[in-house]
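Data first, discussion second: the structure below is written as structure tokens.
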Amino acid sequence: MKFQSLALAAAFALGAVLPAAAEPHVLDKSHASITFQVDHLGFSTVHGKFREFDAQIEFDPEKVEDTRLRFVVMADSIDTGWGPRDDHLKTGDFFAAAENPEIVFESTSVTPTGSDTADVAGTLTMKGASHPVTFMAKLNKLGPSPFDPSKTIAGFTATGEIDRTKFGMDYAAPAVSAVIPVRIDLEMSPAN
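Quick note, the sequence shown lines up with residues -22 to -1, 1 to 170 if you use mature numbering (1 follows the signal peptide of the UniProt record, and there is no 0).
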């Protein structure tokens, strides 16, 4: 069963009429997160997240390849649970957050890879540099909200890796991970 077929089956089970094209969806920020982990000299793994971000999403469950998205993450919202480290991460050694306040990911293609998976390729702009990045996305569930059956929710998990040195963040690499695993969890619903 293809990704599109899964979405169609869910939509028909809801008695919903599917849109003819990708339509705007709204990110549910109360059920969304962007997290990462960094190996620290082989002794430990530091976990972090970004507290402020938003997304513009066009999504058609019938034709997943028409999906378009743009994520904007505020660099100074980084949170690793330790203030002095977060302050350092905001400096020129890493994000240079004052000069480059936004981290932006803009999709260039979405390619279904399985019944509930797709590769989301795009351009990541961070610290004034832009490079291609691909995330592997998995549809967790598409269906009506149990709290409001008139509202359809799509839930996804996306994972990928970012080589920070490509963006001019060479500080302490590779002793402190150069390649950073990133995970995005999100729920979204049609804007209308």
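Just so it is clear, CB atoms sit at the ideal spot from N, CA and C, and this is done for glycine as well. On a predicted model such as this, the values are computed, not experimentally measured, just so you know.
So residue 135 and residue 116 are supposed to be a Cβ contact under 8 Å. How far apart are they, rounded? Between residue 116 and residue 135 the Cβ distance is about 5 Å, and since that is below 8 Å, they are a contact.
Can you have a look at residue 106 and say buried or exposed, based on whether 16 or more other CB atoms are within 10 angstroms of its CB? exposed
For residue 186, which residues of its own chain have a beta-carbon under 8 Å away from its beta-carbon, when the five flanking residues on both sides are left out? A query on residue 186 cannot be resolved here, the shown segment of the chain reaching from -22 to 170 and no further.
Just the C-alpha distance for residue 10 and residue 150, rounded to the nearest angstrom, thanks. 30 Å
Ends of the beta strand (DSSP E) at residue 66? Where residue 66 is concerned, there is no enclosing beta strand (DSSP E), although the alpha helix (DSSP H) it sits in stretches over 61 to 67.
Going by beta carbon distance, what residues of the same chain come within less than 6 Å of residue 34, once the five residues before and after it are set aside? 48
Please work out which residues of its chain come closer than 6 Å, Cβ to Cβ, to residue 162, disregarding the five sequence neighbours upstream and downstream, and give them in chain order. 12, 136
If you compare alpha carbons, which of 1, 7, -2 is closest to residue 164? 7
Straight-line gap, residue 38 to residue 153 (C-alpha atoms, nearest Å): The alpha-carbon atoms of residue 38 and residue 153 are separated by roughly 43 Å.
Is residue 114 near residue 98, with beta carbons less than 9 Å apart? yes
Cα-Cα separation, residue 100 to residue 132: 21 Å
Would you say residue 78 and residue 96 are within 9 Å of each other, going by their C-beta atoms? no
Backbone CA spacing between residue 24 and residue 118 [nearest angstrom]: 26 Å
How about residue 72 and residue 81: do their beta carbons lie closer than 9 Å? For the pair residue 72 and residue 81, the CB atoms are not nearer than the 9 Å cut-off.
Within a Cβ cutoff of 7 Å, which residues of the same chain sit near residue 64, ignoring the five residues on either side of it in sequence? 56, 57, 58
Find out if the Cβ-Cβ distance for the pair residue 159, residue 14 is shorter than 9 Å. Closer than 9 Å, so yes.
Indicate the three-state DSSP secondary structure (helix, strand or coil) for residue 163 in the structure shown. strand
In the DSSP output, what is residue 119 paired with across the bridge? 133
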